[in-house]
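Below: the structure, in structure tokens.
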Amino acid sequence: MNKKIGLAIVGTGSISRLHTQGINRLDCAELVAVCDIHQEQLDWYTNLYPIAADRCYTDYDEMLKRDDVDAVIVCTNDTTHCYLSVRAMRAGKDVLCEKPMTLDINECREMVRVAEETGRRLMVGQVCRKTPAFVKAKELIDEGAIGELFFVESEYAHDYINSPGIDNWRKTPERHPIIGGGCHAVDLLRWIAGDPTEVFAYANHKMLQDWPIDDCVISVMKFPNNVIGKVFTSIGCKRRYTMRTVLYGSKGTIIVDNLSDTLSLFREKSDDDKGIPVLYQSSEIKIPVEVNSHNMEGEIRDFCNCIINNTPANPDGEQGLRTVAVCDAIVQSSKKGEKIEIDYSL
Ligand SMILES: NC(=O)c1ccc[n+]([C@@H]2O[C@H](COP(=O)([O-])OP(=O)(O)OC[C@H]3O[C@@H](n4cnc5c(N)ncnc54)[C@H](O)[C@@H]3O)[C@@H](O)[C@H]2O)c1
137 MNKKIGLAIV
147 GTGSISRLHT
157 QGINRLDCAE
167 LVAVCDIHQE
177 QLDWYTNLYP
187 IAADRCYTDY
197 DEMLKRDDVD
207 AVIVCTNDTT
217 HCYLSVRAMR
227 AGKDVLCEKP
237 MTLDINECRE
247 MVRVAEETGR
257 RLMVGQVCRK
267 TPAFVKAKEL
277 IDEGAIGELF
287 FVESEYAHDY
297 INSPGIDNWR
307 KTPERHPIIG
317 GGCHAVDLLR
327 WIAGDPTEVF
337 AYANHKMLQD
347 WPIDDCVISV
357 MKFPNNVIGK
367 VFTSIGCKRR
377 YTMRTVLYGS
387 KGTIIVDNLS
397 DTLSLFREKS
407 DDDKGIPVLY
417 QSSEIKIPVE
427 VNSHNMEGEI
437 RDFCNCIINN
447 TPANPDGEQG
457 LRTVAVCDAI
467 VQSSKKGEKI
477 EIDYSL
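Counting from 137, one number per residue, gives the positions in the sequence shown under the working numbering.
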């Protein structure tokens with residue numbers, strides 16, 4: 137059997153649990169070390185997922201000295217992603233960095249530069265690209281099931297009231313919701329419809345009154361091929377978490393989200409149908425999909441495979457940067473009240 141990829145996790149907070157469960161289901165990977173600056177977080181984690189004491193670190197640089205660490209999964213607060221990823225790459229480790237890549241586009245540029253300089257793989261955890269329902273939606277679009285796209289919309293509606301993060305890192309002015317959470321919806325639309333060129337956005341602050349940041353943002357944008365789109369983000373809404381997404385094409389429409397066990401396909405009846413079930417116009421075909429909104433197993437499998445097969449990470453640092461660039465333009469637009477052209481420069 138091939139050698140397993142030795143993975144380390146930095147940041148043993150809430151999302152580290154899903155990464156650990158993902159690693160534990162894979163044959164190609166093993167967890168060899170964990171790190172957190174807070175000893176009590178390490179204790180909390182090791183209570184759930186026992187691991188030898190000499191594999192637990194509060195000093196990140198010490199952990200990076202381990203030869204059995206091939207790659208690091210960065211699961212810390214967004215503001216530390218750049219520093220921790222760069223240190224890992226400079227220590228010769230590949231990196232899977234949680235989304236958002238960072239909150240600051242210049243830090244994204246630095247991460248891309250260091251990945252190039254060091255020749256390390258840098259993958260960004262835009263996990264919607266691994267969510268079975270969204271993968272199915274993209275497959276249907278790519279095989280022409282709904283014809284040519286003309287309008288795409290997605291949303292990130294998630295009540296953060298009880299999720300400020302360890303040390304309240306989500307409750308800070310720099311953690312704008314469109315970058316922190318809405319990046320999922322932006323990345324999903326970019327993956328499906330390409331890179332938007334310009335955005336216009338409005339934001340308000342009515343729900344999380346004691347958070348120092350707007351909590352609701354609506355943005356409209358222009359995509360290539362004259363496709364237009366919309367992303368709605370709310371981190372104070374009173375409903376179950378959802379990323380409801382609607383993709384409108386010339387021959388049909390897809391309605392899909394990350395927590396439903398079916399995807400809805402509306403499709404015009406046509407003669408050139410290739411095995412896709414056809415109903416009459418305005419009828420709905422429900423396609424079963426696995427509910428797996430945080431498919432860390434799939435994400436980590438892809439990450440390990442790109443290391444094993446020496447192929448590029450997907451999505452890589454540049455993709456992560458492009459998503460942050462769109463989010464950054466949305467923030468600027470909501471503040472200035474102006475249309476903003478998106479700057480994707482590296
Ligand atoms: N993919 C997703 O859908 C998804 C979902 C939730 C969170 N996230 C992302 O995962 C990251 C972590 O989120 P979370 O909810 O687990 O946060 P959390 O607050 O629960 O955990 C973060 C952990 O990082 C530790 N930490 C902070 N700075 C550190 C440092 N310099 N070195 C070592 N440890 C450090 C903290 O002590 C804490 O234990 C964020 O970037 C967040 O945006 C992604």
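In this text, a Cβ means the ideal position worked out from N, Cα and C, and glycines have one as well.
- Item | Residue range of the alpha helix (DSSP H) that includes S355 | The residue labelled residue 355 in the question sits at position 219 within the sequence shown. Not the alpha helix (DSSP H): S355 falls in the beta strand (DSSP E), residues C352 to F359.
- Query: Secondary structure at M343, three-state DSSP: helix, strand or coil?
  - Reply: Locating residue 343 in the sequence shown gives position 207, counting from the first residue. Three-state result, M343: coil.
- Query: Apart from the five residues on each side of it in sequence, which residues of its chain come closer than 6 Å, Cβ to Cβ, to Y181?
  - Reply: Position 45 of the sequence shown, counted from the start, is the residue given in the question as residue 181. For Y181, where only same-chain residues beyond five positions count, the Cβ hits under 6 Å are T148.
- Query: From I478 to C233, what does the alpha carbon distance come to, in whole angstroms?
  - Reply: As a first step, residue 478 must be located in the sequence shown, where it is residue number 342. As a first step, residue 233 must be located in the sequence shown, where it is residue number 97. When rounded, the distance between both Cα atoms is 23 Å.
- Do N446 and ligand 1 come close, with the Cβ less than 8 Å from some heavy atom? Residue 446 sits at position 310 when you count from the first residue of the sequence shown. No, Cβ of N446 sits at least 8 Å from all heavy atoms of ligand 1.
- Task: Could you please give the first and the last residue of the uninterrupted alpha helix (DSSP H) stretch that includes S469?
- Result: Translated into positions along the sequence shown, residue 469 becomes position 333. Counting along the chain, the alpha helix (DSSP H) containing S469 begins and ends at G453 to K472.
- Task: To the nearest angstrom, report how far apart A269 and R380 are at their CA atoms.
- Result: Indexing the sequence shown from 1 puts residue 269 at position 133. Indexing the sequence shown from 1 puts residue 380 at position 244. So the alpha carbons of these two residues sit roughly 11 Å apart.
- Message: Quick test of your reading: N194 and L184, contact by CB under 8 Å. State the CB separation rounded to the nearest angstrom.
- Response: Numbered from its first residue, the sequence shown carries residue 194 at position 58. Numbered from its first residue, the sequence shown carries residue 184 at position 48. Note on identity: in this sequence residue 194 is Thr, with Asn being the wrong assignment. That belief does not hold up - the Cβ atoms of T194 and L184 are roughly 18 Å apart, past 8 Å.
- Buried/exposed call for Q417, threshold 16 Cβ in 10 Å: Within the sequence shown, the letter at position 281 stands for residue 417. Only weak support exists for where Q417 lies, its pLDDT of 49 falling under 50; the coordinates are left without a value.
- Quick one: using the 10 Å Cβ neighbour count with 16 as the cut-off for buried, is E275 buried or exposed? Reading the sequence shown from its first residue, position 139 is the one you call residue 275. By the 10 Å Cβ count, E275 comes out exposed.
- In terms of DSSP beta bridges, what is P313 paired with? Within the sequence shown, the letter at position 177 stands for residue 313. Beta-bridge pairing links P313 to no other residue.
- Task: Would you identify the three-state DSSP class for K366, choosing helix, strand or coil?
- Result: To locate residue 366, count along the sequence shown from 1; it is residue 230. Strand.
- Message: Any heavy atom of ligand 1 closer than 8 Å to the beta-carbon of E234?
- Response: Start at 1 with the first residue of the sequence shown, and residue 234 comes out as number 98. Within the cutoff, so yes.
- Residues near G283 by beta carbon distance below 6 Å, same chain, minus five either side: In the sequence shown, counting from the first residue as 1, residue 283 sits at position 147. Answer for G283: G385, S386 and K387, listed in chain order.
- What's the call for V462, buried or exposed, on a 16-neighbour Cβ count within 10 Å? Working through the sequence shown from its first residue, we reach residue 462 at position 326. The residue in question, V462, is buried, as its Cβ has 16 or more Cβ neighbours within 10 Å.
- Going by Cα to Cα distance, which pick from D240, D350, E435 and F359 is closest to L162? By one-based count along the sequence shown, residue 162 stands at place 26. It is E435.
- Message: Less than 6 Å between C-beta atoms, sequence neighbours within five positions excluded: which residues of the same chain meet that for V382?
- Response: Here the question's residue 382 lines up with position 246 in the sequence shown. The answer, listed in chain order, is E289 and I391.
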